[in-house]
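Okay, so here's the structure we're looking at.
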Amino acid sequence: MRNSSSPVDHIVGAVDGITSVTDNVIPIANTWDLLLKKIDLFTKIVDGIAEVHPYAKMAWTILSAAQKVARDESINHLIETMADVYSFVQEAESLKKIESHKQILLHMAQQTVECGYFIRDYARNKNFGTRVLKNLISDVDDKIKQYETKFGELKSAFQGHAAIHTEITVLRVLNEVESIAANINLDDIAYAEGARYDPERQCLPGTREEVLREITDWVNSADGQVSRMFVLSGVAGSGKSSIAHTIARLFDDVGRLGSSFCFDRSNQAKLRPDAFFSTIARDLADLDPQRKQSLCRVVQDKTALRKTRAPREQFEQFILKPAADLMTVGPIVIVIDAFDESGDEESRRVILSILAGRISELPPNFRVLVTARRETDIDRAFDGNPHVHCKLMNTIDMDSTNIDISIFVRSHLADVAELDKKWPNQSWCGLLVNKSEGLFQWASTACRFIKGDGQHGVHPTEQLSHLLSLVPQNLNRLDQLYLDILKRLFPMDHDTTGLNRFKLVVGRIMAAVEPLTVAALKELCKEDNSIDVVELITTPMGSLFSGVNQLSESVRPLHSSLRDFLTNPRRSERFYIDIPLHERGLALACLRVMEVDLKFNICQLETSHLLNSSVNDLRQRIEKHIPSQLSYSCRFWVSHLQATACDVETLQAVKDFLYNRTLYWLEVLSLIKEISTASNSLSFLAKWSRVTDGDSESFVADAVKFVIAFASVISQSTPHIYISALPFTPRDSKVAQKFLPQFPRILSLQTGQATQWPSIQGVFTGHKYAVCSVAFSPDGKRVASGSYDNTIRVWDAETGAVVSGPFEGHSSCVRSVAFSPDGKRVASGSDDNTIRVWDAGTGAVVSGPFEGHSSSVCSSVWSVAFSPDGKRVASGSSDKTIRVWDAETGAVISGPFEGHSSYVNSVAFSPDGKCVASGSSDNTIRVWDAETGAVVSGPFEGHSSIVNSVVFSPDGKCVASSSYDNTIHVWDAETGAVVSGPFKGHSFIVSSVAFSPDGKCVASSFSDNTIHVWDAETGAVISGPFEGHSSIVSSVAFSLDRKHGASGSYDRTIQMWGADIAFNDCQVLEEPAPPQLTLQSPSVSTTSGFHDGTKLGDNGWMLNLASTLLFWVPPWNQKGLLWPKNTTVMGAQPTKLDLSSFVHGTSWTQCRQVE
237 MRNSSSPVDH IVGAVDGITS VTDNVIPIAN TWDLLLKKID LFTKIVDGIA
287 EVHPYAKMAW TILSAAQKVA RDESINHLIE TMADVYSFVQ EAESLKKIES
337 HKQILLHMAQ QTVECGYFIR DYARNKNFGT RVLKNLISDV DDKIKQYETK
387 FGELKSAFQG HAAIHTEITV LRVLNEVESI AANINLDDIA YAEGARYDPE
437 RQCLPGTREE VLREITDWVN SADGQVSRMF VLSGVAGSGK SSIAHTIARL
487 FDDVGRLGSS FCFDRSNQAK LRPDAFFSTI ARDLADLDPQ RKQSLCRVVQ
537 DKTALRKTRA PREQFEQFIL KPAADLMTVG PIVIVIDAFD ESGDEESRRV
587 ILSILAGRIS ELPPNFRVLV TARRETDIDR AFDGNPHVHC KLMNTIDMDS
637 TNIDISIFVR SHLADVAELD KKWPNQSWCG LLVNKSEGLF QWASTACRFI
687 KGDGQHGVHP TEQLSHLLSL VPQNLNRLDQ LYLDILKRLF PMDHDTTGLN
737 RFKLVVGRIM AAVEPLTVAA LKELCKEDNS IDVVELITTP MGSLFSGVNQ
787 LSESVRPLHS SLRDFLTNPR RSERFYIDIP LHERGLALAC LRVMEVDLKF
837 NICQLETSHL LNSSVNDLRQ RIEKHIPSQL SYSCRFWVSH LQATACDVET
887 LQAVKDFLYN RTLYWLEVLS LIKEISTASN SLSFLAKWSR VTDGDSESFV
937 ADAVKFVIAF ASVISQSTPH IYISALPFTP RDSKVAQKFL PQFPRILSLQ
987 TGQATQWPSI QGVFTGHKYA VCSVAFSPDG KRVASGSYDN TIRVWDAETG
1037 AVVSGPFEGH SSCVRSVAFS PDGKRVASGS DDNTIRVWDA GTGAVVSGPF
1087 EGHSSSVCSS VWSVAFSPDG KRVASGSSDK TIRVWDAETG AVISGPFEGH
1137 SSYVNSVAFS PDGKCVASGS SDNTIRVWDA ETGAVVSGPF EGHSSIVNSV
1187 VFSPDGKCVA SSSYDNTIHV WDAETGAVVS GPFKGHSFIV SSVAFSPDGK
1237 CVASSFSDNT IHVWDAETGA VISGPFEGHS SIVSSVAFSL DRKHGASGSY
1287 DRTIQMWGAD IAFNDCQVLE EPAPPQLTLQ SPSVSTTSGF HDGTKLGDNG
1337 WMLNLASTLL FWVPPWNQKG LLWPKNTTVM GAQPTKLDLS SFVHGTSWTQ
1387 CRQVE
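With our numbering, the residue at position 538 of the sequence shown is 774, and numbering never jumps.
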């Protein structure tokens, strides 16, 4: 039996006919011409129906362009169906009848636009048939039939006066994408809430038609050479945003809006540039299941990638890669509004460079509309760019603009009948238009003022008369309007009380990190024994601020130009808002809110056995018990304190907070997933209080250690601030001394209680394979790591949070990493024979790959090194050579330096940048002239095996080296004489070496998983061995501020340890750290089991038989942990617990002593 042909066979055959001009192409010019005539007539008939006309016009334009496209029988039948449906226009009795069918006509026009895209793009590409077959296209014939069915439904609805509720049929992606078996959750890809366009901000119907038509024609152009980006720029208040929101709505309604991202200067905390491309990517994924599947394929099993904040990586991985898999029909529109409000030049530098330089890499059907004020960096990036079409608002005809403003004014004041009594025939409208001088924002603000938004006892004619009487001054039009409105609302030249209230409330609004609701403002503006002043000030200002009449809405300037005006003393006169002055007030207000609202178990959690993520109604509890002003205060009080001097009142408020509410503050941060802010906040606080109050400084320093040590457990389960963190805090901890007495019914330690904070302060996990190299940024706040998983990551040195990365680009192991002297770049060397230089904040490749070595660029620690001026990068390779490269261009400045007879495993620049030291598998060290490559000194001979690490002392006089012969040497850099050494602790390979910042100590890592610190002069062991890694320690580094040491290991972790301990003749830890600490959820493998069925997971959680949480054990107590039924533990000093008073589960709240 012969099978009927498949849809794919039919399509491919049709395309073959098209490309070879066979009989399969059916000429129907008459039907096509008839359709175009009917749609043209339809466009004229609906010209007065604002909702329908733009789509009718688009449909005619698209189909006119598609007229020359060759078609097969299926397409011809669709055209005939469409022509039949549009026959009704010849029989339409009147416009009134048409208007009664507005919704049907809207769907008809929108569906015609969609079919126009399909017909135009269906066979435009001569390779269409081949691509269809390769990508397993779904049944396109069925889609055509769906189009025909939809038009049939629309025709029936029109003829039968029936309502239609279904959406139009849209086909954006032709090919199917292989489904991912697992359901990938994309929620951990950063998403900026509130970035979407606002339908209320559209242009009024009948306005801005010329520029809107220009933009829609650009979007709908089938020309493959058309610019991918359209940049609309102009002065503040000229109407750019309204155009952007109109375009977004126009294409959203036909299923063609890929994403909209509207920046807002008053909400920069949420609308961050590092969530820009990730937000667009998630919006695109929501557009089609095929797009979502393509994105899922890129990010599956890559948690770190999903959480990346690097814009370049987001663009490449979340947008470009998924789009490459798809064969698309019709345009995809991305709207970016108010790009100039995305931050300062530095914060938007990377996304601007991507938009300007890589937008052409998007598929040809993508269209990106950008609106922005004219800023130097934006103009520089886009002007003259061949992939960008630029249009200035001032090039729009002024007469056209005035007509549009006239329509706008009439619409907004149509219900104010009093105006026509004084100015007949709407003459008032022309007067207002003339006053606006082409600025829509002026007209909008004036209309609100005339209507008296929020004011009482004002009359519209009085308001308008006042505006018309304004005499032009040496101010721009908006400034003059803002100033006059404020003077009229607050006529208080000599009323200091009223003016102070204005400055208090508006100052809070302007200084807030993110917009505040009226309800939150009322709490943050309370002064001692004062009346509620917020609504007194905000209610009459509806013409200037949004949200003033609703308690739950955010209050923000209606336009960014108002913020510019109020924060400029010359422009705003007595209404000037000095932002730094209001920072102190907000800091104190936040502390006052926390004093009132923070409390033990704030969300009334019923059990300690659950992770926060397992509390089903946690979101509802947070909404009920953590009001917006408390959430804001907990997150941003230190941000405001940063601009505040340490005076007596502020210091006393801070001390009261620290000594009474620190743990309750951590509760809120845990519940709202902001615990990562705690360490940074406290670290700043320690510096802030250092000048005037030593007691506060020492308490805060201890609190920082508390947060770093227990951030993992606190972030996972809030009750364990008390159940787990407090009991294991060292005995001498000031946090423990202050708060432990308040919680008598928690577990205690009979033995094994640390006296001071252990050296290991944190364990960073994320790399999939061994960590080969670690390096500190110059300020000590970040750590870079390179790994066998081919990636680089940059970590927060205190919290362990991934600041940026993973940086992907190397195709093999990343052997070494190094920070540039300014901390802005990271260099990496790899087994793929290349060097790359990355932007440390974004992960963008700044330069590279540098190619020239004939073998791997390899070293345990420093096979790449920056020169002190940051302009050069040195590299050593297994090709036995050293090269020096230009860090910006990748050009070889000098080299190859030849002389070693085996691999060059490590290189280091001298502090003055004149020399490069190298260590080699030929057992020697050499020092080279960095410019000429001449050997300055060496070879230094003394090691009996491979030299795997070299480093200069901070003064440049010495070179330290480590070797497979189990020793460390310190050499005179000029003569090669042995200054000290060999240092030999035991018979294990020394894998890396590092000088302390003052040059007095040398740290080394060993293949027995330990770290030692030596006296650089005598070779005496100062401290160590530090234990904690469960495999070879490959790399060690000191921070320049002497606060931290870092180590990377083959156990895939980076460990942070207290360098201050290492420098102070500290003793070996009482309890060595565990083999490994991971920061995952309790679905763990078991490392220790006890007779009663409880289990200690390798992430530190003690679980009961039901696998619920009992408590968490820190790394320094895990290895020697004794459970009550155990009598001893071998190989470690025991930690014995006293559980006699321990309450947990549903009784956990009884741990606190009620006063």
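Each residue gets a CB set at the ideal place from its N, CA and C atoms; glycine is no exception.
Short Cβ contact (8 Å threshold) for residue i with residue j
i, j, result
"Ala947", "Ser917", "no"
"Val1249", "Ser1241", "no"
"Ser1180", "Val1226", "no"
"Val884", "Leu802", "no"
"Pro599", "Thr564", "yes"
"Ala945", "Glu933", "no"
"Leu675", "Trp664", "no"
"Val1140", "Thr1160", "no"
"Val1186", "Ala1144", "yes"
"Ile516", "Ser530", "no"
"Asp640", "Thr443", "yes"
"Cys626", "Val467", "yes"
"Thr1211", "Ser1173", "yes"
"Arg1083", "Ser1066", "Note that residue 1083 is Ser in the sequence shown, not Arg. Contact flag unset, no."
"Arg1288", "His1003", "yes"
"Ser478", "Cys532", "no"
"Gln865", "Glu789", "no"
Unbroken beta strand (DSSP E) run spanning residue i, endpoints
i, result
"Ala1196", "1194-1199"
"Asp1208", "1204-1208"
"Leu1373", "1371-1374"
"Ser463", "Per DSSP, Ser463 belongs to no beta strand (DSSP E) and is neither H nor E."
"Arg603", "602-608"
"Glu1291", "It is worth fixing the name first, because residue 1291 is Gln in this sequence and not Glu. Note, Gln1291: beta strand (DSSP E), 1290-1294."
"Ser1173", "1171-1176"
Residues of its chain near residue i, where Cβ-Cβ distance is below 7 Å and the 5 sequence neighbours each way are ignored
i, result
"Glu1306", "Caution applies to Glu1306, whose pLDDT of 35 falls short of 50 and renders its modelled position unreliable; the value that the coordinates give is listed next. Within the same chain, Glu1306 has close Cβ partners Ala990, Gln1369."
"Gly460", "Pro600"
"Ala319", "Thr267, Leu270, Leu271, Lys274"
"Tyr1286", "Ala1006, Ser1267, Ile1268, Ser1270"
"Thr774", "Val741, Val754, Phe781, Val784, Val791"
"Lys1022", "Reading the sequence as shown, one finds Gly at residue 1022 and not Lys. Contacts found: Cys1008, Ser1009, Ile1028, Val1050, Arg1051, Ser1052, Val1053, Ser1064."
"Gln699", "Phe685, Ile686, Gly688"
Beta-carbon proximity list for residue i, same chain, < 6 Å, skipping 5 on both sides
i, result
"Phe872", "Val749"
"Arg820", "Thr880"
"Glu1044", "Thr1027"
"Ala546", "Ser1040, Thr1078, Gly1079"
"Arg238", "In this prediction, Arg238 has a pLDDT of 38, which is less than 50 and means its spatial position is unreliable; what the coordinates show is noted afterwards. Within the same chain, Arg238 has no close Cβ partners at all."
"Ile614", "Ala608"
"Arg967", "Gln989, Thr991"
First and last residue of the uninterrupted alpha helix (DSSP H) at residue i
i, result
"Asp768", "Unbroken run through Asp768: none, as it is neither H nor E."
"Gly734", "732-747"
"Asp519", "512-523"
Residue i Cβ short of 7 Å to the ligand FMN heavy atom set
i, result
"Asp1158", "Ligands in the displayed structure: none, and consequently the ligand FMN is not present."
Same chain, Cβ closer than 8 Å to residue i, neighbours up to 5 away in sequence not counted
i, result
"Val288", "Val282, Lys338, Leu341, Leu342, Ala345"
"Arg646", "Gln662, Cys665"
"Asp1301", "Per-residue confidence for Asp1301 stands at a pLDDT of 38, beneath the threshold of 50, marking its modelled position as unreliable; the derived number appears in the next sentence. Ile1258, Ser1259."
Notebook entry, point to check: Along the chain, which unbroken stretches of the beta strand (DSSP E) at least 3 residues long are found entirely within the stretch 1023-1073?
Noted result: DSSP runs (the beta strand (DSSP E)) wholly in the stretch 1023-1073: 1028-1032, 1038-1043, 1050-1055, 1061-1066.
Check: Which parts of the stretch 792-877 are runs of the beta strand (DSSP E), unbroken and 3 residues or longer, counting only runs that do not cross its ends?
Finding: Entirely contained in the stretch 792-877, not one beta strand (DSSP E) run reaches 3 residues.
Next item on the list: Kindly provide the ranges of any alpha helix (DSSP H) runs that are 4 or more residues long and lie completely inside the stretch 965-1008, ordered along the chain.
Entry: Whole alpha helix (DSSP H) segments, 4+ residues: 970-975.
Note to self: With a threshold of 8 Å, are at least 3 pairs of Cβ atoms found where one atom belongs to the stretch 954-963 and the other to the stretch 891-904?
What the structure shows: Flag = yes, the stretch 954-963 and the stretch 891-904 touch.
Note to self: Please give me, in chain order, every unbroken run of the beta strand (DSSP E) with length at least 3 that falls completely inside the stretch 1104-1153.
What the structure shows: You should have 1108-1112, 1117-1122, 1128-1134, 1140-1145.
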